[in-house]
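K.L.:
Chains as they are written, first to last, in our numbering: chain A, -12 to 460; chain B, 12 to 92. Quick one: structure below, then a few questions.
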Amino acid sequence: MEPAFRPRIIPRLETWPWLVRLVQTWFGKVALTAVFGGILTLNQYPRALVIPIALLAISLWPQHRRLLVAFATFYSLLVFTLGVNGTSNQQYLAVILFFVFAGICTYQAQLRPNAWIFRRPVRNLLVFYCALVVIVSCLPFNGFTVATLSLFVLFGGKYIWFLGYALLDRRRKGPQPLLVRLFHFQPFWGSTNVPYPKGESYLARIEARTDQDLAVTQLKGLKLVLWASVLKVLLALFEQLVHGPSGTSGCFSRWLPGSFAVPRMQMAIAVYLARQPFPRGLCWLSVMANFCSILLNISIMGHFIIGICRMAGFNALRNTYNPLASTTIADFYNRVYYYFKELLVDFFFYPTYLRYFKDRPRLRLFFATLAAAGFGNLLYHILASIGVVSQIGLWRLIVGFHVYAIYAMILGLAIAISQIRSMGRAQARSGLVGTLGVLFFYSLIMVLDSHNLNWSIADYGSFLLNLFVPFPR
Amino acid sequence: MQKREKLRRFVGDILIRKGDNEPFADNDSLLLTGRIDSLNVLEIVTFMEKELQFNLSEQAFDPSCFDSIDSMVELIEGSTT
């Protein structure tokens, strides 16, 4: 049972009736947006001026929300993605080509959802895109056509999962015009290559319908951004205390003059590989600190994005939800990076689960989990790094990802086993031991979650081994 | 037992297992509010296949059909009519 009173760092603003009423007025909308914009500015959030202007327009004219979101997204694309110095005509052409391609695909998929190419649209899209990457990487990078094609591939890598969701939505005919839907790709509230929060049809389902809904959703957005700000301060304090002053954490050096001077994990590995390892205890601390930093950074990033999305009137679930309460490996994965997990589930897990081993439930779940958390995870990260192909070549990129491939397979196996074990349980496991076990597992495996393409699995493996027994390099 | 009742009981068991003892109505949104997640959807799919003899193809699969008891029943009945 929920306790009657639970102290909170951020009060539940959306449950204060007077505030909900105020936020529905013209004055309230302006005040709320000003406060929200102020918080973004204090946090030095990118586009901290444009976002509040877009949010204010959406608050004042919620009936035109989708059009305003599309316009703000288009503006962000034009000014912040393309409007940087050195943007060439080829880049503009590549962007136009991509949107024409995405438009044709989305339109045709809706028109002919049962055509063979759209029966399994995401698989076909990924095969097409990967084939294009291979072809382009084999061509010499000169000439207008090849350069444009390369930029098309590069740009496509940022948008491919958004297009994937648009294709999955092919059987739902939404009321929004095609162009408006296309400009919900990489929406103005920000995202990585992972669509936050999923596709257009999902947005339609979580959109605020009434003024009261909008006010409650916006207050939840404000709350989330306030919480992200608290976490950001916590991260700066943590970095200062553990690693010493650097970047934003430097502002605390006046109050916290000392630090434990724990090396960052990348440095601990580099020093170990140079045959001058830090003491084992310090290496353990750097591994644990790395895990805490990643956890805090993911939470902060997701909370800001979802906070802005909620301010725009979409009641999206949080990206990170209380990961320290996880008692199983699968539960942690679900809680820490929700929209990435949803991407893997929607594009890899469900199709595999519904297609293979229908008569063997455990093998079915195991195989589908491995396809998502293993193969899907690896493919996503390779495609996210496609920009470096022009510098190091496709082959070196793929070879460099062998460490991540092993990481993804171990993670997939662990999640699959965790899920199979959970299925047989009548009650959720609870307790500190389970949680600590989960956190220990993830802090160790995150050593391999590296994008340093110069180190091999032998390098990482010997560093990991050295944490337990002396294993000189 | 009716299909709806069987589904209600199964979904109720899932929620209890997750430590969610709040009551739920047949039209309550469960997926969008985060009360059930994608793994739970798979448990429901498996339950439908095993207990309700409902075979879901990859093409016809839409996770949003698992948002509420009403939409799940609609999915099953829609496939048999």
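By construction, the Cβ of each residue, glycine as well, lies at the ideal position given by its N, Cα and C atoms.
Please give me, in chain order, every unbroken run of the beta strand (DSSP E) with length at least 3 that falls completely inside the segment 135 to 174 of chain A.
P.N.:
Counting whole runs of 3 or more residues, the segment 135 to 174 of chain A contains no beta strand (DSSP E) stretch at all.
K.L.:
Keeping to the same chain, check which residues put their C-beta closer than 7 Å to that of A:Phe335; ignore five residues upstream and five downstream.
P.N.:
If we look at A:Phe335 and ignore the five residues flanking it on each side, its Cβ neighbours are Ala358, Ala359, Phe362 and Gly363.
K.L.:
Which value, in whole angstroms, describes the spacing of the CA atoms of A:Phe85 and A:Leu166?
P.N.:
Taking the straight line joining both Cα atoms gives about 13 Å.
K.L.:
Can you tell me which residues form a DSSP beta bridge with A:Glu194?
P.N.:
Paired residue(s): A:Phe301.
K.L.:
Apply the 10 Å Cβ neighbour rule to A:Gly289 and answer buried if 16 or more other Cβ atoms are within range, or exposed otherwise.
P.N.:
It is buried - the Cβ of A:Gly289 has at least 16 other Cβ atoms within 10 Å.
K.L.:
Give a yes or no on whether 9 Å exceeds the smallest Cβ distance from A:Arg158 to chain B.
P.N.:
Closer than 9 Å to some Cβ of chain B, the Cβ of A:Arg158 qualifies, so yes.
K.L.:
B:Leu67 versus chain A: which residues are under 7 Å apart at the beta carbon?
P.N.:
Here the neighbours are Leu341.
K.L.:
Can the beta-carbon of A:Ala317 be found closer than 9 Å to that of A:Ser409?
P.N.:
For A:Ala317 and A:Ser409, yes; Cβs fall inside 9 Å.
K.L.:
Going by alpha carbons, who is nearest to A:Val420 out of A:Ile385, A:Thr314 and A:Val323?
P.N.:
Checked all of A:Ile385, A:Thr314 and A:Val323; the closest Cα to A:Val420 is A:Thr314.
K.L.:
Whole angstroms are fine: how far does the CA of A:Ile404 sit from the CA of A:Phe327?
P.N.:
Approximately 20 Å between the Cα atoms of the pair.
K.L.:
Quick one, which residues of the segment 103 to 122 of chain A are near chain B if we go by CB-CB under 9 Å, in chain order?
P.N.:
Listed in sequence order: Arg106 and Arg107.
K.L.:
Pick helix, strand or coil for A:Phe105, following the three-state DSSP scheme.
P.N.:
A:Phe105 falls in the helix class under three-state DSSP.
K.L.:
With 9 Å set as the bound, which would you pick, yes or no: does the beta-carbon of B:Glu60 sit closer than that to a beta-carbon of chain A?
P.N.:
True, the Cβ-Cβ gap to chain A drops below 9 Å.
K.L.:
Just to confirm, are B:Lys29 and B:Asn51 a CB contact at a threshold of 9 Å?
P.N.:
Yes.
K.L.:
Helix, strand or coil: how does DSSP classify A:Ile432 here?
P.N.:
DSSP places A:Ile432 in helix when its eight states are reduced to three.
K.L.:
Can you tell me which of the three DSSP states A:Met(-12) falls into?
P.N.:
Confidence at A:Met(-12) is low in this model, with a pLDDT of 43, below 50, so the placement of that residue is unreliable and no value is reported for it.
K.L.:
For B:Gln13, tell me which candidate among B:Val56, B:Asp78, B:Leu63 and B:Glu33 has the shortest Cα-Cα distance.
P.N.:
Ranking the options by Cα distance to B:Gln13, first place goes to B:Leu63.
K.L.:
Is the CB of A:Arg192 under 9 Å away from at least one CB in chain B?
P.N.:
So, interface residue.
K.L.:
Could you pull out every unbroken alpha helix (DSSP H) segment of at least 4 residues lying fully inside the segment 280 to 340 of chain A, listed in chain order?
P.N.:
The qualifying runs are 316 to 323 and 325 to 331.
K.L.:
Between which two residues does the alpha helix (DSSP H) carrying A:Gly387 extend?
P.N.:
Where A:Gly387 is concerned, the enclosing alpha helix (DSSP H) stretches over Leu381 to Gly387.
K.L.:
Less than 9 Å separating the beta-carbons of A:Ala401 and A:Phe427?
P.N.:
No; because the gap between Cβ atoms is not below 9 Å, this pair is not in contact.
K.L.:
Taking the alpha carbon of B:Asn66 as the point to measure from, which residue in A:Phe450, A:Lys345, A:Gly387 and A:Leu423 has its own alpha carbon closest?
P.N.:
The shortest Cα separation from B:Asn66 among A:Phe450, A:Lys345, A:Gly387 and A:Leu423 belongs to A:Lys345.
K.L.:
Closest Cβ-Cβ distance between B:Glu88 and chain A: below 9 Å?
P.N.:
No - not a single Cβ of chain A is within 9 Å of the one on B:Glu88.
K.L.:
Does the Cβ of A:His438 have 16 or more other Cβ atoms within 10 Å, making it buried, or fewer, making it exposed?
P.N.:
So A:His438 ends up on the exposed side.
K.L.:
Between which two residues does the alpha helix (DSSP H) containing A:Leu54 stretch?
P.N.:
A:Leu54 -> alpha helix (DSSP H) spans Arg52 to Ser63.
K.L.:
Are any of the Cβ atoms in chain A nearer than 9 Å to that of B:Thr92?
P.N.:
The pLDDT assigned to B:Thr92 is 49, lower than 50, so where the model puts this residue is not dependable; a value taken from the coordinates is nonetheless given after this. By this cut-off, B:Thr92 is not an interface position.
K.L.:
Taking only beta-carbon positions, decide if B:Leu63 is within less than 9 Å of chain A.
P.N.:
So no, B:Leu63 is outside the interface.
K.L.:
Assuming A:Trp442 is part of the alpha helix (DSSP H), what are its boundary residues?
P.N.:
Note, A:Trp442: premise wrong, no alpha helix (DSSP H); not H, not E.
K.L.:
Using beta carbons (cut-off 9 Å, strictly below), is A:Asn321 in contact with chain B?
P.N.:
At least one chain B Cβ lies under 9 Å of A:Asn321.
K.L.:
For B:Leu18, decide whether its Cβ has a neighbour in chain A, counting only Cβ atoms nearer than 9 Å.
P.N.:
It does not: the Cβ of B:Leu18 has no partner Cβ on chain A nearer than 9 Å.
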